[in-house]
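Asks:
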Amino acid sequence: AHGHWRGRRWWSLRAPARYADEALAGRSTTSGEELPDDETRRTERLMLGLRLTAGVDRADVEPLDEAVVDGLALAGLLEAGSRLRLTPAGRPLAGAVILRLLS
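If you're matching positions, the sequence shown starts at 6 in the working numbering and goes up one per residue.
(1) What is the DSSP secondary structure of Arg62, counted as helix, strand or coil?
(2) Distance, Cα to Cα, Trp16 vs Gly100?
(3) Rounded to the nearest angstrom, how far is the Cβ of Leu82 from that of Val61, given a contact under 8 Å?
(4) Mark Ile106 as exposed unless 16 or more other C-beta atoms lie within 10 angstroms of its C-beta, in which case mark it buried.
(5) Contact defined as beta carbons within less than 8 Å: I believe Arg13 pairs with Ser36. What is the distance between those atoms, to the nearest angstrom?
(6) Evaluate contact between the region 91 to 98 and the region 66 to 83, counting only Cβ atoms and requiring at least three cross-stretch pairs below 8 Å.
(7) Which one of Ala28, Leu98 and Arg46 has the shortest CA to CA distance from Pro68?
(8) Determine whether the beta carbon atoms of Leu89 and Arg63 lie at a separation below 7 Å.
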């Protein structure tokens, strides 16, 4: 399991038996944690948001290279306004579009 609170993320032990042993002993079941920086959060927001039908609010993923955004829009892969949205042609190429936006 994974958790998220106030910008901090953590994940639990994967092995159910070990998780149970630690929990029953009153010890932490957390396996690891991180505090993502702004760039990591922006990248994840773009990667996940573009996979949504509604897309992602452009202001939440700036800065972006305008020439790249315009090129993807001209290629018919991306709708670029106040929200960025993959077109039907862009959806099968989501990974490539996202990589291009992040480069």
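We put the CB at the ideal spot given by N, CA and C, even for glycine.
The model shown is predicted, which means the values in this text are computed figures rather than measured ones.
Replies: In terms of the structure at hand:
(1) The amino acid at residue 62 is misidentified as Arg; the sequence shows Asp. In the three-state scheme derived from DSSP, where H, G and I count as helix and E and B as strand, Asp62 is classed as strand.
(2) 25 Å
(3) Incorrect: roughly 15 Å between the Cβ atoms, too far for contact.
(4) The sequence shown places Leu at residue 106, not Ile. Burial call: buried.
(5) Rounded, the Cβ-Cβ distance is 14 Å, inconsistent with contact.
(6) yes
(7) Arg46
(8) Yes, these two residues count as a Cβ contact at 7 Å.
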